[in-house]
DNA sequence: GTCTATAACTAGATAGAC
DNA sequence: GTCTATCTAGTTATAGAC
């Protein structure tokens, strides 16, 4: 394992275990077991190391979970995968990492684009799953799938951060989403008549709502 | 305005505008226009000031938005309020603040409970609204309202953080939630026969799902 | 309550030996 | 590529004058 790789991996561990505030060239180098000056030799600055570690980590974790997401066939399964990702990735700290970087982006400008790119990797996966789940059902043209995928990804990160300060509350939040997922699943299995009725009602509601949402 | 109050207000401004990483006794004191040593005289430590500012800020913002939430009568209105909170509070940086503190909690242990308490204030408001919206409808006993309120609050914070690195994506996420809210609204206005059918199907789906969700 | 001064530390980053 | 040594600047926190 090269020094470069050691530093990238150590960065992810430090952020996940100790938070963005504890990140420094020294803490990372110590965690990696290398000299502090090598951070600057290999990456130029701590911010650049953070940015590269973020993209590197997100890519790796998305690939590790791609197979599981590919097997999702209904909403209950989607929430089940979310729970598993919550359990395994949280242990590895990879989602909280995105939260840390999302928060850190306001003070380290270089982090913004890298974090957005990292989250985008997750979003694309979620988008694929949602498109598959909704594509055939009656909800397909009632929801903007790419938008929903973004909402789901960002929301997941938020709940992951919440888990850091209130694990019991986060667990309960997840459980309620499981119920909601089942509800969506039922909606998605409606027959053609109910389907048409639902569509009419939603369109009516949309017309009654503030157009262009002000 | 007392020095104490000036410091509390300045803390919120610094976190909101520059992020948790830029927070220090000096930056806060400068923002407040007071001497740096007064942070320690009045609050003992920077962490304690952060914790108190968090609870203080959350309380204030929740109260400022309570009236708007009290008027919510359907899901479309709820999302509309969320959007308004998104717009006004984001400008003031009060929700991103919670995100910053959620992230900061992993390195500043004193911040965890304070942040959880701050988010809890929002959660209770959301819970009240959800209970009112769902209470009469068919979804009432199909969803755990307190759990859903936690999910909604945490998700909102996540999207708010996301907005910091990708405003266009965040806007799109919000728009898709608006569609979802209308869908929920329609579901909630079902007649008694459809209502019973829906309930049967969800119960059936719940039985087929992994019990205890492993 | 507010100020100055300062101690004790940690940060990012670089120069230069090897 | 890797190391030591070092500079500069910023950090928390306290002591003591006012």
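Residue numbers (my numbering), protein chains in the order written: chain A, 1 to 214; chain B, 215 to 428. Where a beta carbon is used, it is the ideal one built from N, C-alpha and C, also for glycine. Quick caveat, the model's predicted, so the values are computed rather than measured.
Give me the Cα-Cα distance between residue i and residue j, rounded to the nearest whole angstrom.
i	j	result
residue 163 of chain A	residue 355 of chain B	25 Å
residue 83 of chain A	residue 174 of chain A	7 Å
residue 110 of chain A	residue 53 of chain A	12 Å
residue 321 of chain B	residue 238 of chain B	14 Å
residue 364 of chain B	residue 341 of chain B	8 Å
residue 213 of chain A	residue 390 of chain B	At residue 213 of chain A the pLDDT is 44, less than 50, meaning the model places this residue with poor confidence; the figure from the coordinates comes in the next sentence. So the two alpha carbons sit approximately 12 Å from each other.
residue 254 of chain B	residue 104 of chain A	25 Å
residue 224 of chain B	residue 78 of chain A	43 Å
residue 346 of chain B	residue 368 of chain B	20 Å
residue 379 of chain B	residue 94 of chain A	18 Å
residue 229 of chain B	residue 236 of chain B	7 Å
residue 241 of chain B	residue 116 of chain A	28 Å
residue 216 of chain B	residue 88 of chain A	48 Å
residue 49 of chain A	residue 357 of chain B	44 Å
residue 286 of chain B	residue 280 of chain B	10 Å
residue 122 of chain A	residue 373 of chain B	14 Å
residue 425 of chain B	residue 361 of chain B	Because the pLDDT of residue 425 of chain B is 49, which lies under 50, any placement of that residue in the model is unreliable, and the number read from its coordinates should be weighed accordingly. Computed Cα separation, rounded: 18 Å.
residue 418 of chain B	residue 316 of chain B	38 Å
residue 196 of chain A	residue 277 of chain B	42 Å
residue 30 of chain A	residue 97 of chain A	19 Å
residue 114 of chain A	residue 408 of chain B	47 Å
residue 400 of chain B	residue 415 of chain B	17 Å
residue 326 of chain B	residue 198 of chain A	44 Å
residue 398 of chain B	residue 359 of chain B	14 Å
residue 157 of chain A	residue 350 of chain B	32 Å
residue 338 of chain B	residue 152 of chain A	22 Å
residue 134 of chain A	residue 393 of chain B	14 Å
residue 294 of chain B	residue 282 of chain B	10 Å
residue 56 of chain A	residue 13 of chain A	13 Å
Under 7 Å between beta-carbons, which chain B residues line up against residue i? List them in chain order, please.
i	result
residue 248 of chain A	What is shown of chain A runs 1 to 214, which leaves residue 248 of chain A out entirely.
residue 179 of chain A	356, 357, 358
residue 151 of chain A	373, 387, 390, 391
residue 147 of chain A	386, 387, 389, 390
Quick one: which chain B residues come within Cβ less than 9 Å of residue i?
i	result
residue 221 of chain A	Residue 221 of chain A lies beyond the residue range present for chain A, which begins at 1 and ends at 214; the question has no answer from this structure.
residue 128 of chain A	Result: empty, since nearest Cβ-Cβ is about 16 Å, beyond 9 Å.
residue 33 of chain A	Residues of chain B passing the Cβ test: none, with the nearest at roughly 22 Å.
residue 112 of chain A	378, 379, 380
By the 10 Å Cβ neighbour count, where 16 or more other Cβ atoms means buried, how is residue i classified, buried or exposed?
i	result
residue 61 of chain A	buried
residue 258 of chain B	exposed
residue 231 of chain B	exposed
residue 313 of chain B	buried
residue 352 of chain B	buried
residue 265 of chain B	buried
residue 37 of chain A	exposed
residue 35 of chain A	exposed
residue 233 of chain B	buried
residue 33 of chain A	exposed
residue 58 of chain A	buried
residue 191 of chain A	exposed
residue 219 of chain B	exposed
residue 76 of chain A	buried
residue 334 of chain B	buried
residue 181 of chain A	buried
residue 170 of chain A	buried
residue 70 of chain A	exposed
residue 221 of chain B	buried
Could you work out which residues of chain A lie near residue i, taking near to mean beta carbons separated by less than 7 Å?
i	result
residue 351 of chain B	Correct list: empty, because the minimum Cβ distance to chain A is about 12 Å.
residue 271 of chain B	The contacting residues do not exist; residue 271 of chain B stays about 16 Å from chain A at best.
residue 265 of chain B	The premise fails here: residue 265 of chain B is roughly 12 Å from chain A at the closest Cβ pair, so nothing lies under 7 Å.
residue 254 of chain B	The premise fails here: residue 254 of chain B is roughly 19 Å from chain A at the closest Cβ pair, so nothing lies under 7 Å.
residue 383 of chain B	150
residue 369 of chain B	155, 158, 159
Kindly indicate the opening and closing residues of the alpha helix (DSSP H) around residue i.
i	result
residue 258 of chain B	Where residue 258 of chain B is concerned, there is no enclosing alpha helix (DSSP H), given that its DSSP letter is neither H nor E.
residue 188 of chain A	167-188
Kindly list, in the order they appear in chain A, the residues whose Cβ is closer than 9 Å to that of residue i.
i	result
residue 322 of chain B	19, 21
residue 296 of chain B	Correct list: empty, because the minimum Cβ distance to chain A is about 11 Å.
residue 412 of chain B	183, 186, 187
In chain A, which residues lie less than 8 Å from residue i when you measure between Cβ atoms?
i	result
residue 329 of chain B	165
Can you list the residues of chain B that residue i reaches, using a CB-CB cut of under 8 Å?
i	result
residue 119 of chain A	376, 379, 380
residue 43 of chain A	Those within 8 Å of residue 43 of chain A in chain B number zero; the least Cβ separation is about 18 Å.
**Q.** Residue ranges of each alpha helix (DSSP H) within the region 226-254 of chain B, 4 or longer
**A.** Whole alpha helix (DSSP H) segments, 4+ residues: 239-246.
(Q) So within the region 82-164 of chain A, which uninterrupted alpha helix (DSSP H) runs reach at least 4 residues, ignoring any that extend past its ends? (A) Within the region 82-164 of chain A, the complete alpha helix (DSSP H) runs of at least 4 residues are 94-104, 111-135.
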